[in-house]
Every structure is written in C-alpha cells, then in structure tokens.
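S.K.: Structure provided below as structure tokens; questions to follow.
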Amino acid sequence: MFVRSVTICLLLLFFTVTTVGAEENGEPFTTTVHSTYVISLSGTTTISHEFSLKNRTATSFVSQYALKSPLQRLEQVVATSGTSKVPVEVSHGDDGTTIVLKFDDQVVGENKTRSFTLTYTSSDTAVISGNILELYVPSISSEELYAQRSVTLKTPLRFGRATRVTPEPEAVSFTDTVAITNFPDLGKQGIVALFGDQQFFSVTLRYNLENSSSAPGIAQIALPPDTPYQKMQYHSLDPSPSKLSLDRDGNWIATYSLAANSALSVYLTAAARISLWPSPDVPQTTVLPEHTQSQKFWETDDQAILDIAKNLTTPQAVYKYVVAALTYNLPSDDTELSRKGAVTTLVNPTAAVCQEFTDLFVTLARSKNVPARRITGYAFSSNSELRPLSLQTDILHAWADFYDAEQQQWRQVDPTWGNTTGGADYFSQFDLNHIAFAINGISSSTPYAAGSYKSEAFESKDVSVALLNQFIPVPPDLTLSLEKKRIFGIAIPGLYLAGITNKTGQAWYHLTAQFTAELAGVVVHPDVPMTDLTILPFQTLTFPVLVATDRVQLPQNTQLQAALLLGTEYNQTTEFAGIKSGLAVYQYLNETTIPLILVSGFTIGTLIAGSLLVFRRRW
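Heads up: take any position in the sequence shown, counting from 1, add 107, and you land on my numbering.
Here it is as structure tokens:
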C-alpha cells in the first residue's frame, strides 16, 4: 500500500493550513483543536493547543506540524503526544516565531487519529495594568480548517468575569482562584476580552506660567475635569487659584494673577478613576450650537469634506472612514508636529498623528450635524507601537467624542488607536486607558491641556502618570459662611455675601442651598432654594443674599438659617445670628433690579484686573 507523508503548516494569527499529497477531493484530515489560555497574576499566559487529526484516507499520515506566530516572545515550548515528548524546532525572525513539530511514528489508516498537545508561554497575549486585564485571542482565516474549534480562558479571580467580551461566551464558571470563560464553538472568530470595569491612576502635573509684559496679567489653565467616565480626586493644588470655574465644555478653569515680568509654576497632584460605564452623578455637558460649527482645523464647509461626508451616514461610518483613510506616521523631528487640520490632512493622509485622526473625525461628524469635540490628555499604554502617545516632550494624546442622540450622552472614540492596533474597536468599546486633561468644543484649540504650558528657560517633564491600586472616595465636607457685603467699602444693611466652600479635592453635583429667616416679616432673597449646583475641588461658591423686611419699618435683627443638601446622604444646617435686615425697599424691587443691586461693585474689579496673560506654549 502506498502511504503519503503530509506536512501541515499552521499560522497562529490567521490559521492557514497547507498539505502535501492531499487528495484532490479535499483535505486528508478532520481537525479539531481546543485551546486553553491560563493567565497568571503577572500577566504571563500559558497557552495549550490540544489537536486531534483524524485521517480521512488510508494513504496519508502527518509527519510534521509547523506553527508560525507573529509574537516574538514565545517561551517554554513543549509538545507531547500521549506520554511522549514530540521534538520541536523553534526559530525566531523579524516576522515572528516558527515552531516545527516532527513526529517519529506513523499513524496510518482511515479514521485513525493523531492527538498531540503544544504548550508555550507568551508575555504578549494578555496585558495586566493595575485593576484591569486585557486579553486577545487571534481569529483564523476560515472556519473550514476545523471541524470544531473551542477556547477556554482561565483568568485570576480578582478580575471577576469579563466586563466586555466579543463574542459572548457560552458559559462562565468560577473556582476559588480563577474565572473560567468557555467558547465551545468559536469558529473562525477571535476573542477580545476586558476584565475589570475601573482603572485608577496617580497624576502629577506642572503648569509653567510666564508674564513677560510690563503690566499685571491673568493666566487661566485647564485642570483635569470630571467627565461621566472620569472621576478626579485632587490631593493638592499649589498655589491655590484666585478663581476656579466650570466652562461650557465641562473644563475646570483655574485663574491666577501674575505680576509684571514674573513667572509661576502651578503643581497639581491627584488621583483619577476611569470607568467603563458613565456615572449618573456627573451631568452630561449641554450640546451647544458651537459643537457643530466650522472652526479652524475643522473646516466643515470645505468641498473635499462635504464630498466625503455625503457617503457617511452614521458616526460609526465616520470612524471607520478615518481609521481606513489615514496612516499613522510619527515624524522623527518634533518641529514637524504642527497641527494640520482636517483639509490639509486629506492632502497627505500617510503622515498623520493622533491630532490629525481626531480633527478629521470631528470635522466629518460636524459636517453631518453630529456634535463632536476634541479631547486632549494622557493615554496609558504598555505598547507604544500599537498605541502611540507622544506629541511632544510630555506624553500627550488626542481623541474625540461625539454626542449620541439615541443614548443621549457624549461618547469617546479613538480613531488613532483603531488604526494602529490593526482593527481593535475603539468606537463601540472604549477602554480604561484615557485620562482627559482638556476638552475642545466651543474652541478648536483652547483650553490647552496640561503638558502644553512650557517654559522657554528650561526643558521640563510636566506630566507624570502611574497606576494606582485603589481610589478611596471621600465624604463631602462643605462649609457655609456669611459676611457683610460692601459697596465701595461701605457695608449696606441687609446685603450679605454667602460662601459655600468645598474642603475636599472632589467635585460635588446636584447641591441644593436654601436660606430662611427666623423672624416673621423678614424675607430673604433668593427666596427659593438654589438647586442643581456644582462645586469643584477646593472651590468657594459665592453669591449675594438680601435680607429685608416686607413692610415699612426699621431694620430688624434676626437669625438666618442656611441649609445644604446633597442627595439623601448629606444635610447640613448652619445658623447665623445677629443678621440685620435691610430697609423696606424690598417691596419696590423686582427680580431684575435686585440682582443688579447685589452684584454692583464687582464690575469695577473685573475691569481693572489687568490684561490677559499670554503664556509660553509649545505644541
């Protein structure tokens, strides 16, 4: 009987099979494979492929089996068949690792089966970063290669079950130490799995401010804000700003006064908690007309943009176009990193970095009347080739968000990483590696992110981010104050300035404040609760309070009660004694004139505060 020796080659990433001496009517073997991925707490993955090759003819047998992987770091390669070891040859090249199994025996005969196991370890299959585990199992090129292909994932129990996984597993079980995720009929699909739903980071930032003019100046910087997916906890902000405010894109803006010809360094240390799911506690920023308008770098009315956009019907279509149309190419010289904008990017699509991917996405989305913005910040990456970061000396990254009208929320997307990772989905499944420093929507350029505030006098690293093991929330700690309001230095009876001070490094939302007078006949303005207030870390909210009698009589001494409510868990009441009511002019004032009287005296201070500071910035 004539017997044929068959060599089978297996490419791990796409699984292509080649046979020598195969019958013309099909492959000479029926092949099944079960793969087990065991991930250790260090992130090393032990991969075991259990193969079963059943002869479909009486004249063929397998003499050797070759496996090629694009991964460079495959170690501890062992092959066994029953109780015997199978000799293996391992070679490394620029395009990956090749493993060849050579069988000394012959398994001949129709329906005879050769079973063997190939085991090795990899440090590239899984990535453990802090509190999350990311795992990738490659797809294969064709389902016809296997009668059955199944995969089992065994991951450390500390990460729980997969929070995001494609495709959906058929079964998940647990032991005392591991979570077991089963895919009994995977077909040709790969697996992308994320375990963990929160990541924690420590953040240290420096802002270098300079006022080179001969007049006093004002500097405004953007501090890392809360977003529905990001919770900040400030540990220190030194020096304290003269003012902290929330802009219409949700940025936290700190204001500093600088003397003429002076410089100032601002230091922030903080912790950040990044979540997969939007928090209902952080309000979604309002969609504004500016979020669909044309701006510098976002030329929505350019004909080239319009021609492309007419074929893109959804934000996902925009994302896919940008990922496919541009090629990431970081120039060796940082001076070549000038921002091009969407239209110029289309002229040279093979020389794009993250800001070009982002600008093109924002522009095309806006041209379809989809609100879109640019986010600049830090993206944590363990692989700078697949997930590139750097725009400048400090590691900065840019990505986009758009408003999903159906879900009624802003959604982040990263077309740059969608391109550089070879197809990973950063549209429908965003990750836990992006920390927002600044949001550009009303303006395409400002506010600038931390890391952009550079000194001309020296090179400096101004952004430092590291993983944290935990993020410990703090309880609210708010104080109330009330002082006489002065106009041109004169205290006016009945006019007071109230202050709510946040003594914590976290922002608080949906705060309610109400003032009431104890004495009958005395009214307080505002006469209704102030609701849905937001107070930022270490911020003091100030607002005027008018206390007056409701009839013609001399001013009265009374006691004022101030109540602060934060959800159902925080209720603070403060009493202020010796409050003197104003004259009985209240009855002649209306809702327009009262605020005008209360804020008088502040305008002059704003006008004489000095010119706006122009700080040194390199991009």
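Cβ coordinates follow ideal geometry from the N, Cα and C atoms, glycine included.
1. Thinking C-beta only, is F464 closer than 7 angstroms to P522?
2. Exposed or buried, what is I546 when buried is set at 16 or more other beta-carbons lying within 10 Å of its beta-carbon?
3. Hey, would you say I328 sits closer than 7 angstroms to A361, going by beta carbons?
4. If we call anything under 7 angstroms between Cβ atoms a contact, is V140 one with R221?
5. CA-CA distance, Y243 and L260?
6. Let me check understanding here. Comparing Cα to Cα, which of N526, Q183, G689 and N664 lies closest to V652?
7. Is the CB-CB distance between F487 and N418 below 7 angstroms?
8. Exposed or buried, what is I579 when buried is set at 16 or more other beta-carbons lying within 10 Å of its beta-carbon?
9. Does the separation of the CB atoms of V572 and G558 fall below 7 angstroms?
10. Give the DSSP-derived three-state secondary structure of P396 in the structure shown.
11. May I ask you to list the residues that DSSP assigns as paired with P263?
12. How many Å lie between G303 and N238 at the Cα?
13. Looking at C-beta atoms only, is the number of pairs between the stretch 407-415 and the stretch 598-616 that lie closer than 8 angstroms three or more?
14. Could you tell me which whole beta strand (DSSP E) segments of length 3 or greater appear in the stretch 571-624?
15. In whole angstroms, what separates the C-alpha of D538 from that of E513?
16. Would V581 be called buried (16 or more neighbouring beta carbons within 10 Å of its own) or exposed?
17. Ignoring anything shorter than 3 residues, give me the beta strand (DSSP E) runs that lie fully in the stretch 437-465, in order along the chain.
18. Do P245 and G294 come within 7 angstroms of each other at the CB atom, strictly closer than that value?
19. Let's see if you can read the secondary structure: which residues bound the beta strand (DSSP E) around Q663?
20. At a cut of 8 angstroms, does the stretch 151-161 reach the stretch 193-201 through at least three beta carbon pairs?
21. Would you kindly work out how many angstroms separate the C-alpha atoms of G708 and S309, rounded to a whole number?
22. Look up T126 in the DSSP assignment and say whether it is helix, strand or coil.
23. Is the beta carbon of V207 less than 7 angstroms from the beta carbon of A186?
24. Residues bridged to E682 by DSSP?
25. Could you work out which residue in A370, F307 and W359 is closest to S321 when comparing CA atoms only?
26. Using the C-alpha atoms, what's the distance from A543 back to S401?
27. Once the 5 residues before and after I686 are set aside, which same chain residues still bring their CB inside 8 angstroms of it?
28. Identify the residues that DSSP records as bridge partners of P651: which are they?
29. Which residue comes first and which comes last in the alpha helix (DSSP H) that contains Y426?
30. Which whole-angstrom value is the C-beta distance of A669 and I642, which I expect to be below 8 angstroms?
31. Which residues share a DSSP beta bridge with W506?
32. To the nearest whole angstrom, what separates the beta carbons of G357 and P332, a pair I think is in contact under 8 angstroms?
33. R380 bridges to which residues according to DSSP?
34. Report all residues from its chain with a CB closer than 6 angstroms to the CB of F650; omit the five preceding and five following residues, and keep chain order.
35. Which residue from P274, D345, N315 and E397 puts its Cα closest to that of S562?
36. If we ignore side chains and look at the alpha-carbon of each, how far apart do Q179 and A459 end up?
M.R.: In brief:
1. Here the question's residue 522 lines up with position 415 in the sequence shown. Here the question's residue 464 lines up with position 357 in the sequence shown. Their beta carbons are under 7 angstroms apart, which means P522 touches F464 by this criterion.
2. For the purposes of this step, residue 546 is identified with residue 439 of the sequence shown, where counting begins at 1. By the 10 Å Cβ count, I546 comes out buried.
3. Along the sequence shown, one-based indexing puts residue 328 at 221. Along the sequence shown, one-based indexing puts residue 361 at 254. With a cutoff of 7 angstroms on beta-carbon distance, I328 and A361 are scored as near each other.
4. The count along the sequence shown starts at 1 and reaches residue 140 at position 33. The count along the sequence shown starts at 1 and reaches residue 221 at position 114. No, the pair does not count as a contact, with Cβ atoms beyond the cut-off.
5. Sequence index remark: in the sequence shown, residue 243 carries index 136 (1-based). Sequence index remark: in the sequence shown, residue 260 carries index 153 (1-based). Taking the straight line joining both Cα atoms gives about 10 angstroms.
6. Residue numbering aside, residue 652 sits at position 545 when the sequence shown is read from its first letter. Per the Cα distances, G689.
7. Working through the sequence shown from its first residue, we reach residue 487 at position 380. Working through the sequence shown from its first residue, we reach residue 418 at position 311. Contact flag unset, no.
8. Walking along the sequence shown from the start, residue 579 turns up at place 472. Burial call: exposed.
9. Stepping through the sequence shown from its first residue, residue 572 is reached at position 465. Stepping through the sequence shown from its first residue, residue 558 is reached at position 451. For V572 and G558, no; Cβs fall outside 7 angstroms.
10. Within the sequence shown, residue 396 is the residue found at index 289, counting from 1. P396: helix per DSSP, three-state reduction.
11. Mapped onto the sequence shown, residue 263 falls at position 156. According to DSSP, which records beta bridges pairwise, P263 is partnered with V285.
12. Taking the sequence shown and counting its residues from 1, the one referred to as residue 303 is at position 196. Taking the sequence shown and counting its residues from 1, the one referred to as residue 238 is at position 131. Roughly 6 angstroms between the two C-alpha positions.
13. no
14. 585-594, 597-609 and 615-624
15. Sequence index remark: in the sequence shown, residue 538 carries index 431 (1-based). Sequence index remark: in the sequence shown, residue 513 carries index 406 (1-based). D538 and E513: Cα-Cα distance of roughly 21 angstroms.
16. For the purposes of this step, residue 581 is taken as the residue at position 474 of the sequence shown. Taking every protein chain shown into account, the CB of V581 has fewer than 16 other CB atoms within 10 angstroms, so this residue is exposed.
17. Within the stretch 437-465, no complete beta strand (DSSP E) run reaches 3 residues.
18. Taking the first residue of the sequence shown as position 1, residue 294 is located at position 187. Taking the first residue of the sequence shown as position 1, residue 245 is located at position 138. No, the Cβ-Cβ distance between G294 and P245 is not below 7 angstroms.
19. For the purposes of this step, residue 663 is identified with residue 556 of the sequence shown, where counting begins at 1. Where Q663 is concerned, there is no enclosing beta strand (DSSP E), given that its DSSP letter is neither H nor E.
20. no
21. If you number the sequence shown from 1, residue 708 lands on position 601. If you number the sequence shown from 1, residue 309 lands on position 202. Low confidence applies here, because G708 scores a pLDDT of 43, under 50, leaving its location unreliable; read the following figure in that light. Their backbone Cα atoms lie some 42 angstroms apart in a straight line.
22. Reading the sequence shown from its first residue, position 19 is the one you call residue 126. Only weak support is given to the placement of T126: the predicted model assigns it a pLDDT of 40, under 50, and the question is left unresolved by the model.
23. The sequence position of residue 207 within the sequence shown is 100, counting from 1. The sequence position of residue 186 within the sequence shown is 79, counting from 1. No, the Cβ-Cβ distance between V207 and A186 is not below 7 angstroms.
24. Working through the sequence shown from its first residue, we reach residue 682 at position 575. Per DSSP, Q668.
25. Here residue 321 refers to the residue found at position 214 of the sequence shown. It is A370 whose Cα lies nearest to the Cα of S321.
26. Residue numbering aside, residue 401 sits at position 294 when the sequence shown is read from its first letter. Residue numbering aside, residue 543 sits at position 436 when the sequence shown is read from its first letter. About 23 angstroms.
27. Counting from 1 along the sequence shown, the entry for residue 686 is found at position 579. If we look at I686 and ignore the five residues flanking it on each side, its Cβ neighbours are L589, Y603, A624, V654, N664, T665, Q666 and L667.
28. Residue numbering aside, residue 651 sits at position 544 when the sequence shown is read from its first letter. Answer is L604, bridged to P651.
29. Start at 1 with the first residue of the sequence shown, and residue 426 comes out as number 319. It spans P422 to A432 - the alpha helix (DSSP H) in which Y426 sits, taken as one unbroken run.
30. The sequence position of residue 669 within the sequence shown is 562, counting from 1. The sequence position of residue 642 within the sequence shown is 535, counting from 1. Not really, about 15 angstroms apart at Cβ, beyond 8 angstroms.
31. In the sequence shown, residue 506 corresponds to position 399, counting from 1. According to DSSP, W506 bridges with I482.
32. As a first step, residue 357 is located in the sequence shown; it is residue number 250 there, counting from the start. As a first step, residue 332 is located in the sequence shown; it is residue number 225 there, counting from the start. Confirmed, Cβ separation roughly 6 angstroms.
33. As a position in the sequence shown, residue 380 is number 273, starting the count at 1. DSSP, once it has assigned bridges, lists F307 and K338 as partnering R380.
34. The residue you call residue 650 lines up with position 543 of the sequence shown. Cβ neighbours of F650 beyond the five flanking positions: A605.
35. Reading the sequence shown from its first residue, position 455 is the one you call residue 562. Measuring from the Cα of S562, the nearest candidate turns out to be N315.
36. Taking the first residue of the sequence shown as 1, we reach residue 179 at position 72. Taking the first residue of the sequence shown as 1, we reach residue 459 at position 352. Each residue's alpha carbon lies about 28 angstroms from the other.
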